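Quick notes on the structure that follows.
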Amino acid sequence: MSEDKSLEKLKAAKEKWEQGSVQKTLSKAPERRKVFTSISDIPVERLYTPLDVADLDYERDLGFPGEYPFTRGVQPTMYRGRFWTMRQYAGFGSARESNARYRYLLEQGQTGLSVAFDLPTQAGYDSDHPLSMGEVGKVGVAIDSIEDMRVLFDSIPLDKVTTSMTINAPATVLLAMYLAIAEEQGVPFGKVGGTVQNDILKEITVRGQYIYPPKPSMRLTVDLIDYCFKEVPKWNSISISGYHIREAGSTAGQEMAFTLADGIAYVQACVDRGMAVDSFAPRLSFFFNSFTNVLEEVAKFRAGRRYWAKVMKERFGAKDPRSMMMRYHVQTGGVTLTAQQPINNVVRVALQAYAAALGGCQSLHTNSYDEALCLPTQEAVTVALRTQQIVAEESGAADTIDPLAGCYFVEAMTDRIEAEIDDYIKKIDAMGGTLAAIEQGFVQKEIQNSAYRFQREIESGERVYVGINKYTMEEPPPANLLKVDMSVGEVEAAKLKKLRAERDAGKWKAALDHLREVSQSEENVMPAVIEAVKARATVGEICDVWRGIYGEYRPKEFV
Amino acid sequence: MAQERKIKIIVAKPGLDGHDRGAKLLARIFAEAGMEVVYTGLRQTPEMIVEAALQEDADVVGLSSLSGVHNYFFPRVVELLREKGLDDVLVVGGGIIPLEDVDGLKSAGVKAIFGPGTDTNAIVDFIKNNVRN
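Each protein sequence line maps, in turn, to chains A and B. Everything in the first sequence is counted per my numbering, starting at 45 for the first residue and increasing by one. Everything in the second sequence is counted per my numbering, starting at 907 for the first residue and increasing by one.
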């Protein structure tokens, strides 16, 4: 029997089932709701069958792990070789306190570091700047100079541990400090591995840690990518991030679409600089969210991998398969955590981590259950790390590759999300690219509309959130929250005063003058930034050089 | 009949915090509830927020912080409002604010703190019931 005939037969059988068994049951007991939708508002049918994947061509659409179009994963053996990197985002207070937390996490079996910087560092201000008031050491570690960076990585061998740094507008400065410390440890640049986020477009759309206008920001981004390709070959020079897009309220499809649109903009900027696509593209990496709706998340990751592979091959003419791989880090959804009955968050995080594993991530951060209340305590961080260790070691998700492939629902959802991505990319292209779409507020408004819809669904009770609008209860106020020492700001300010008094002023001034000169030319800024941090110039001083040249960015607000 | 004056609210993000999902969402919900809304955008100092309240003749200032700086910023805004003679401006706040900080903020003059998971209708009602006449 031909395939068409067998599908026709199946279609008839399905109709019979719907009119028979289903109708009979419905007449006695209606379903819980008229229309079922995923958390991203994608309609979900009662049943998926081969009819929903009739167009699926295995070799064309799925292929094999480690091969184009990478739907099933970017490595041939995936987690049968080794698990994803377990990387908990951490940092608070002073460099000394954060160093202690990192060493604790490494002792507990964590395999990579992920540095959270405080907001002044992320916004390019020193700890003693007026705008840093109240913020020093709060949501991450305070780093002002190479002196702090040395303490942060004390007794951590930078040739053995890879480090991810969530830093964007001042990414060049923090990478320069990291490289300088590696050099002090005797580790050649070629052996240094890690990631800087370096993704300014999502700062402008959703995260808010921008400094300069988009154009000079993109120049710094590309300088870093170009420098790493030449000098630090194991470094992931950008982490194109959908995480914050999702946190800001987007759907799963929007998260993937807007992230890949940003990716296209970065690749184009590098190509425009004259870089060959296969030179830098293998070092591009991505960063996504993972929510509790496991199957939708898995479909999102698979759709993104397949779409990006096509973009790189067809749009940018990449030849090296590594250029086509969407390699990515995942963090579980911070915004999904509730302050109510916070221990329930352990379960949410477990499902989200399971989705990340089934989806084929390269590294994973699992959130702590107390994060809707405060920065995580050591106890909560330990449970979070154990959660992904349980997923890795006990759930079986890591033992076979892409185990949900061929699942009618997951394949249909993968196609659906890929179509949504394609739709958005076409729209954004028609607007003149992602930067134009951002300037018009298109991306922001799409995200805000989704956030609004979700909020209304929760408040109307249409969508259930356990502990928020159903199964609520009176509970005692939470205890044992992490408190960040309020005196960090004063301590850091005193350290800065000492640094400025003691450093070689001539060398410091010469380094900043040279940086200013290079920044006004077309030369790559990275070597001059490294020279400046070694001359003990601070994050704020270096960022001020660029503020002087490029000015500061003030976005239009779209509400 | 004279039209009732709309409640005017400044929604502000003090400090360097970039988490603006809640602030933007509430700006929209306040507008739909019939209020006149001014959203300041990010990176506001207490001085900038109070200046906006003065310029706009605002009835309410809503502050949002998720970066742990509420204990510094929120009381400072109240203090500056008082210095400018804007004692009757209702100040409310929200974000990630530990319960143990709430009493301190209230005694500093922040009239209500709305944590994660709060029903937005409750926020609208609170403002309508507590705003100056």
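Each residue gets a CB set at the ideal place from its N, CA and C atoms; glycine is no exception. All of these numbers come straight from a predicted model, not from anything done at the bench.
Contact set for residue i: own chain, Cβ-Cβ below 7 Å, skip 5 residues either direction
i: isoleucine 472 of chain A; result: Ala305, Thr478 and Ala481
i: glutamate 415 of chain A; result: Gly378 and Leu381
i: alanine 442 of chain A; result: Tyr123, Phe127, Ala401 and Ala436
i: serine 563 of chain A; result: Val569, Val589, Trp590 and Ile593
i: leucine 395 of chain A; result: Thr336 and Val338
i: alanine 362 of chain A; result: Val321, Asp322, Ala325, Met356 and Met368
i: serine 288 of chain A; result: It should be noted that the sequence gives histidine, not serine, for residue 288 of chain A. Counting only Cβ-Cβ distances below 7 Å, and skipping sequence neighbours, we find Lys246, Val250 and Arg251.
i: alanine 555 of chain A; result: Glu575, Ala576, Ala579 and Ala581
Contacts that residue i makes with chain B (C-beta to C-beta distance below 7 Å)
i: valine 183 of chain A; result: Ser973 and Gly974
i: arginine 251 of chain A; result: Gly924
i: proline 521 of chain A; result: Leu1005
i: glycine 293 of chain A; result: Arg927
i: alanine 604 of chain A; result: With chain A covering 45 to 603 only, the question about residue 604 of chain A has no answer from this structure.
i: leucine 51 of chain A; result: None at all; the shortest Cβ gap to chain B is about 44 Å.
Cβ neighbour criterion (16 or more within 10 Å) applied to residue i
i: arginine 131 of chain A; result: buried
i: proline 920 of chain B; result: buried
i: phenylalanine 114 of chain A; result: buried
i: tyrosine 468 of chain A; result: buried
i: leucine 923 of chain B; result: Before going on, a small fix: residue 923 of chain B reads as aspartate here, not leucine. Buried, by the Cβ-count rule.
i: methionine 907 of chain B; result: Confidence is the limiting factor: at methionine 907 of chain B the pLDDT is only 47, short of 50, which leaves the residue's position unreliable and the question unanswerable from this model.
i: methionine 517 of chain A; result: exposed
i: leucine 70 of chain A; result: exposed
i: lysine 344 of chain A; result: buried
i: glycine 928 of chain B; result: buried
i: threonine 1026 of chain B; result: buried
i: methionine 530 of chain A; result: exposed
i: leucine 526 of chain A; result: buried
i: proline 386 of chain A; result: buried
i: serine 65 of chain A; result: exposed
i: threonine 81 of chain A; result: exposed
i: serine 46 of chain A; result: exposed
i: tryptophan 61 of chain A; result: exposed
i: asparagine 333 of chain A; result: buried
i: threonine 444 of chain A; result: exposed
Same chain, Cβ closer than 6 Å to residue i, neighbours up to 5 away in sequence not counted
i: methionine 209 of chain A; result: Val159, Leu218 and Val240
i: serine 176 of chain A; result: Pro164 and Tyr169
i: leucine 986 of chain B; result: Pro952 and Val956
i: methionine 954 of chain B; result: none
i: threonine 129 of chain A; result: Thr155, Gly156 and Ser407
i: lysine 600 of chain A; result: none
i: glycine 485 of chain A; result: Phe602
Contact list for residue i against chain A, beta-carbon separation under 7 Å
i: isoleucine 1033 of chain B; result: Correct list: empty, because the minimum Cβ distance to chain A is about 16 Å.
Cross-chain neighbours of residue i in chain B, by beta carbon under 9 Å
i: cysteine 405 of chain A; result: By Cβ distance, chain B contributes nothing, its closest Cβ being about 24 Å from cysteine 405 of chain A, past 9 Å.
i: glutamate 179 of chain A; result: Gly921, Leu922, Asp923, Ser973, Gly974, Val975 and Tyr978
i: proline 258 of chain A; result: Chain B residues near proline 258 of chain A: none, gap ~16 Å exceeds 9 Å.
i: leucine 163 of chain A; result: Gly921, Leu922, Asp923, Gly924, Ser973 and Val975
i: leucine 175 of chain A; result: Gly921, Leu922, Arg949 and Thr951
Chain B residues whose Cβ lies nearer than 8 Å to that of residue i
i: valine 615 of chain A; result: Outside the shown range of chain A (45 to 603) lies residue 615 of chain A, about which nothing can therefore be said.
i: leucine 218 of chain A; result: Near leucine 218 of chain A there are no residues of chain B at all, since even the closest Cβ is about 16 Å away, more than 8 Å.
i: leucine 525 of chain A; result: Pro1004 and Glu1006
8 Å Cβ cut-off: residues of chain C touching residue i
i: arginine 934 of chain B; result: Reference to chain C is not applicable here, since the protein chains of this structure are A and B.
Contacting residues, own chain, Cβ-Cβ under 8 Å from residue i (five flanking each side not counted)
i: isoleucine 502 of chain A; result: Tyr509, Ile512 and Asn513
Per-residue contacts from residue i into chain A (C-beta, under 9 Å)
i: isoleucine 1002 of chain B; result: Ala383, Glu415, Ala416, Leu417 and Cys418
i: leucine 996 of chain B; result: Simply none; closest approach about 20 Å.
Chain A residues whose Cβ lies nearer than 8 Å to that of residue i
i: glycine 999 of chain B; result: Result: empty, since nearest Cβ-Cβ is about 14 Å, beyond 8 Å.
beta-carbon residue i near the ligand HEM non-hydrogen atom, thresh 7 Å
i: lysine 259 of chain A; result: Questions concerning the ligand HEM fall outside what the structure shown contains, since it holds no ligand whatsoever.
(message) At a CB distance below 7 Å, what residues from the segment 968-991 of chain B approach chain A? Give them in sequence order.
(response) Listed in sequence order: Ser973, Gly974, Val975, Tyr978 and Phe979.
(request) Pull out every residue of the segment 908-931 of chain B whose Cβ sits closer than 7 Å to any Cβ of chain A, in chain order. (result) From the segment 908-931 of chain B, only Gly921, Leu922, Asp923, Gly924, Asp926, Arg927, Lys930 and Leu931 have a Cβ closer than 7 Å to chain A.
(message) Please identify, using Cβ separations under 8 Å, the residues of the segment 1009-1030 of chain B that lie next to chain A, in order along the chain.
(response) Result list: Gly1021, Pro1022, Gly1023, Asp1025, Thr1026 and Asn1027.
(message) Extract the residue ranges of the alpha helix (DSSP H) inside the segment 188-268 of chain A, only unbroken runs of 4 or more that lie entirely within it.
(response) Within the segment 188-268 of chain A, the complete alpha helix (DSSP H) runs of at least 4 residues are 190-196 and 215-228.
(request) For the segment 494-513 of chain A, enumerate the residues whose C-beta is nearer than 7 Å to any C-beta of chain B, in chain order. (result) Cβ contacts with chain B come from Ala495, Tyr496, Gln499, Glu503 and Ile512.
(message) Beta carbons nearer than 9 Å to chain B: which residues of the segment 358-392 of chain A have them?
(response) Cβ contacts with chain B: Val379, Leu381, Thr382, Ala383 and Gln384.
(message) Quick check for students: name the residue ranges of the beta strand (DSSP E) that lie wholly in the segment 941-970 of chain B, counting only runs of 3 or more.
(response) Listed in chain order, they are 942-945.
(message) To test your reading of the DSSP string, which unbroken beta strand (DSSP E) runs of 3 or more residues are found completely within the segment 403-435 of chain A?
(response) For the segment 403-435 of chain A, whole beta strand (DSSP E) runs of length 3 or above, ordered along the chain, are 407-409.
(message) Report the start-end ranges of each beta strand (DSSP E) in the segment 91-177 of chain A that is 3 residues or longer and not cut off at the edges.
(response) Runs found: 129-134 and 156-159.
(request) Taking only runs that begin and end inside the segment 272-310 of chain A, name each unbroken beta strand (DSSP E) of 3 or more residues, in chain order. (result) Within the segment 272-310 of chain A, the complete beta strand (DSSP E) segments at least 3 residues long are 282-285, listed from N- to C-terminus.
(request) Determine which residues of the segment 947-963 of chain B have a Cβ less than 9 Å from any Cβ of chain A, and write them out in chain order. (result) For the segment 947-963 of chain B, the residues whose beta carbon sits under 9 Å from a beta carbon of chain A are, in order, Gly947, Leu948, Arg949 and Thr951.
(request) Report the residue ranges of all alpha helix (DSSP H) runs contained in full by the segment 449-526 of chain A; include only those spanning at least 4 residues, in chain order. (result) Complete alpha helix (DSSP H) runs here, min 4: 452-475, 478-483 and 486-504.
(message) Threshold first: 4 residues or longer. Then list the alpha helix (DSSP H) segments lying entirely within the segment 301-383 of chain A, N to C.
(response) Taken in chain order, the whole alpha helix (DSSP H) runs of length 4 or more contained in the segment 301-383 of chain A are 321-324 and 338-354.
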